[in-house]
Structure formats: C-alpha cells, structure tokens
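The structure under discussion appears below in the form of structure tokens.
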Amino acid sequence: MKTTLATLTLCLVVLMAIAFPLEKKGGSSSSSGAKEKRVPYAAWDDVNVIAHGLLQLGQGLKEHVDKTKVQMRDIATKLKARAHGLEDREGHLLNVTAELREKAEEMQHERRTMSERMSRLEERVDIMLQGDSAVPDTNPGAKNNSDAHNIQPMLEAQNKRIDDLMERIRLQQEKLDKQNVRIRTLHSQVQQSRQRASSRSSNSDAQSGVAEQRDSPAEMASDCHELFLRGESTSGVYTIQPINAEAFKVFCEMTADGGWTVIQNRQDGSVDFDQLWTAYKTGFGSLNGEFWLGLEKIHSIAKDGGHILDIVLADWSGDMASVRLPFHLGGEETKYSLKIQKADAFSPLESSLASDATAGLTFSTRDQDNDQKNDTNCAKHLSGGWWFSNCGRSNLNGRYFQSPPPKQRDQRKQSIFWKTWRGRYYPLKSSRMMIAPAVVENKS
C-alpha cells in the first residue's frame, strides 16, 4: 500500500513538472533591449488525458483496498468458526472421558461387591464344613459330594464374572489413555489456532494481500509409545517430534505392551559403523536396514529421564539374549554421558555395560577420545563409536564379521561383542537397541 501511494505521488510530481515548467532565468540581452519572456503551457488535451489516467488509477486503488478488507473479514470469520469447532470437539471429548471414568468406577465398585460376596460365600462354606464335622451324619460322603457339586459351579461362575470385569476395566483404561492423548492434541491445536488468529489480526493492517488459511496439521507424537497410544500397531518408519526439538523419522517397533523407538540396528554389515563424532551425533544408515539414529536425537527423546534401554543380541547359532536397563542420556556438553539408574545389583549379562555406567560413561569416537583408558583410544583401537570404559566389556558398534570369524584375535577384538554373554572375542550376528518410557516396562 505504501509503495503504491509513493508511486502515485511521484507520478503527480512528474506530471506537474511537465505541465507547468518553471520559468527559465538568465535570458540574453541585445542592443535593442530585453525581449518579453514567454511561459509555455501544456495543451488542454494532454491535461485531460493525464487527469483521466489519475482518476482510473485512484479508482483501481480504491477497489484493491475494498477487496482486501473483504478478504480479511472472511478469514477472520473462518478462524473464529474453526476455533469454536475445536472447542466443541474438546468439550465433547472431555464429556466422553468423564463417562468412561464413571463406567470404570462402576466396574471397580461391582468388582468390590463381587469380592465381598465371594468372601461371604467362603465364610458360609467354612461354616457348613465345620457344621458337618460337628454333627454326625448317617451318610456324610453323599452330603459332602452334594455340597461340593452345588458350590463348584457357583465359584466357577463368580470367577468368570470377575475375569470378565477385569478385562473390561483393562480395555476401558486403554481407551482412557488414548482419549487423554487425543485431548492433549486437540488442546494444542486450539491454542495454535488462537495464536495464529491473533498474529494474523495484529498484522492485517500492514499487509497488502492475504493468502487463504490452511488447516493446521495435527500435533506430532513425541515418541513411538505415544504413537502406540494413538492407535498405531504396525512396526515401521514414522515421523515424531520430541518436546522442544525438530521433527525427524524413526523406526518404531510396536509390541503388545507399547511402542519402542529403535536407536541402533546391526544385521548384515551393509553399513560402516567406523564413523567420526559428527556422524554419530546426527545419525547414519537406513531406517529399514542398518543404522544409528544419532546421539542428539536419542537425547531429545530421553532427556527428561524415565526411559529404559532394551538391548537384543543374537549369535550365529540362533540363540538370543536381552538386557533392559533404566538409563539417562546427557547432552553434547556431557559428551552424551550414559548413566544407568538401577537400585538393585546388576546381573552378569547387564554388567558388560551397566557396571561402569552407574556414575556416567561418556561417548567416544576415534576423533574424540573420551574413554576411561588413559593410554589408549578405545574407539580407534576397537573400531566404531561407543560408551567405552576400559575397552574390554562391550562394543555393539564394532566391525561386522560374517561367519566364520577371522582367526586372528587382533581382528576379532574389533567385532560386535558383549563380553558377559558370548565372550570378548566372539563376533555377534546381530544387535538391536531400543528405548521407551518406563511405563512400557511396568506393563510387561
């Protein structure tokens, strides 16, 4: 708008200069005296053409302003309608959640009632048995058989009802968890819509044109387990966005108990894991094959703690082993220090990584030596980046050797190994590392 007004003003100045030029000073003198000076004027047709052009320009400018105002009003109306619609949906979901909670409470109350009835029934059975033992009976065997025959179906029916109620409560709880995730998502969409509407309204006077509003995308999940709670049940590649981080793609392993974010996968040696610090920080490989997700991405998912690390190992005989450890991963300022947080003692299988990580193990690569062995660069000596202590307990990012392994120990020590499972010089066939919130471990 300001550019258009400036252009119009400049045109007016130029036209006035052409139509009404200034009187030229300093005329020449002659012997007969000064001649009378003449001031040239623009022809009437020229002035008429210029005036007509200015009128058309002004009319076009007015139409443009009117059109812009109409567009702004339409967009403001759409924003308000969408905000109201999201608020209505949020209210509906809150009502549904309240109803589900009431049903769950009713089921729990019914379960308690059933338990009390069972207790009373057991007391009656005890009283009957005590009465039978105190009073002689001419045919005790027949009476006991009759009582047992009558009580057994009642107990089985009660147990079946209790099992059905427990299953219904479990299903309702899963629905409540999914509803809570959807409510948080809708609430975030409403807040974003309001902020976007406020921003557009405050900047509308300074804009010369307005684009059509686009529907705001749904808030992305922060990890694979949140995708599981939203209803995803198929393992594969998804896009997530942890809190205060950029969105990125991950491979999600969906199980019956929750969603796991895969951070490392070794299976065929198709990717070289002898990489430098920058590569281990950002990640490398293919999410559908061998890969390392990236230390910064792992930190963005698990930086708040409350996560578990699941390590799955396989040898060349088809045997497998699994280790699950609660952990915390620091940021780059700590050299991505890995701290294992477990109250009780470590098992022999867990000790290959956990024993040295109670106080924190920094990550090392061959161009950043952060291990605990002063006279050796473990990453350069063994190959690959890892949370090394003294070079000898574990390294799942070492060189991949096909079976049979090399005979020389100097080569085998650079392989993928887990000392307390198959030994220091046994090259493993595969390894997979996954992380998930601790709630998944509690459900297992």
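Just so we're aligned: the sequence shown equals residues -19 to -1, 1 to 425 in mature numbering (1 follows the signal peptide of the UniProt record, and there is no 0). Glycine is no exception: its CB is placed at the ideal position from the N, C-alpha and C atoms. Keep in mind the model is a prediction, meaning the values are calculated, not measured.
Distance CB(residue i)-CB(residue j) smaller than 8 Å
{"i": "M95", "j": "I150", "result": "no"}
{"i": "W258", "j": "Q353", "result": "no"}
{"i": "S216", "j": "M235", "result": "yes"}
{"i": "F232", "j": "L268", "result": "yes"}
{"i": "S375", "j": "G341", "result": "no"}
{"i": "G366", "j": "Y219", "result": "no"}
{"i": "residue 473", "j": "R405", "result": "Residue 473 cannot be examined here, being either before or after the span of the chain that is shown, -19 to 425."}
{"i": "H362", "j": "G312", "result": "no"}
{"i": "I282", "j": "L306", "result": "no"}
{"i": "T315", "j": "Q256", "result": "no"}
{"i": "K84", "j": "Q153", "result": "yes"}
{"i": "R247", "j": "I132", "result": "no"}
{"i": "G264", "j": "K284", "result": "no"}
{"i": "E213", "j": "D249", "result": "no"}
{"i": "L146", "j": "E104", "result": "no"}
{"i": "W368", "j": "A335", "result": "no"}
{"i": "Q139", "j": "M88", "result": "no"}
{"i": "Q273", "j": "F254", "result": "Going by the sequence as given, residue 273 is Trp instead of Gln. Yes, the pair counts as a contact, with Cβ atoms nearer than the cut-off."}
Per DSSP, the bridge partner or partners of residue i
{"i": "Y219", "result": "V231"}
{"i": "I416", "result": "T242, L290"}
{"i": "S251", "result": "DSSP output for S251 lists no bridge partner at all."}
{"i": "R404", "result": "Reading off the sequence shown, one finds Gly at residue 404, where the question assumed Arg. Paired residue(s): W399."}
{"i": "G266", "result": "F272"}
{"i": "R380", "result": "S396"}
{"i": "S411", "result": "A295"}
{"i": "S375", "result": "W399"}
Supposed close pair residue i, residue j - CB separation, criterion 8 Å
{"i": "L290", "j": "M301", "result": "With 8 Å as the limit, L290 and M301 do not qualify as a contact, their Cβ atoms being about 17 Å apart."}
{"i": "F344", "j": "N351", "result": "6 Å"}
{"i": "L377", "j": "S412", "result": "5 Å"}
{"i": "G275", "j": "V252", "result": "The pair is not a contact, with the Cβ atoms about 14 Å apart (cut-off 8 Å)."}
{"i": "V421", "j": "D238", "result": "5 Å"}
Same chain, Cβ closer than 6 Å to residue i, neighbours up to 5 away in sequence not counted
{"i": "Q222", "result": "M201, A228"}
{"i": "W297", "result": "S384, K410"}
{"i": "A192", "result": "Confidence at A192 is low in this model, with a pLDDT of 33, below 50, so the placement of that residue should be treated as unreliable; the coordinate-derived value is given next. There are no such residues."}
{"i": "V243", "result": "F232, E234, M415"}
{"i": "H45", "result": "none"}
{"i": "A360", "result": "S345, T346, R347, G366"}
{"i": "S12", "result": "Annotation note: pLDDT 43 at S12 (below 50); position unreliable, coordinate value reported separately. For S12, where only same-chain residues beyond five positions count, there are no Cβ hits under 6 Å."}
Contact set for residue i: own chain, Cβ-Cβ below 7 Å, skip 5 residues either direction
{"i": "K400", "result": "S333, G373, R374, S375"}
{"i": "H288", "result": "F308, I416, A417, P418, A419"}
{"i": "G286", "result": "H309"}
{"i": "K(-18)", "result": "Reliability fails at K(-18), whose pLDDT of 49 lies under 50, so the model's placement of it is uncertain and no value is given."}
Same chain, Cβ closer than 8 Å to residue i, neighbours up to 5 away in sequence not counted
{"i": "P198", "result": "With a pLDDT of 42 at P198, under the threshold of 50, the predicted position of this residue should be treated as unreliable, though the coordinate-derived value follows. For P198, where only same-chain residues beyond five positions count, there are no Cβ hits under 8 Å."}
{"i": "R390", "result": "Y406"}
Ignoring anything shorter than 3 residues, give me the beta strand (DSSP E) runs that lie fully in the region 338 to 373, in order along the chain.
List check, beta strand (DSSP E) in window: nothing returned.
Write down every uninterrupted run of the beta strand (DSSP E) in the region 273 to 347 whose length is 3 residues or greater and which is fully enclosed by it, in chain order.
Counting only runs of 3 or more, we get 288 to 295, 301 to 310, 319 to 321.
Sequence ranges, beta strand (DSSP E) only - wholly within the region 37 to 69, length at least 3
If we require 3 residues or more, the region 37 to 69 turns out to have no beta strand (DSSP E) run fully inside it.
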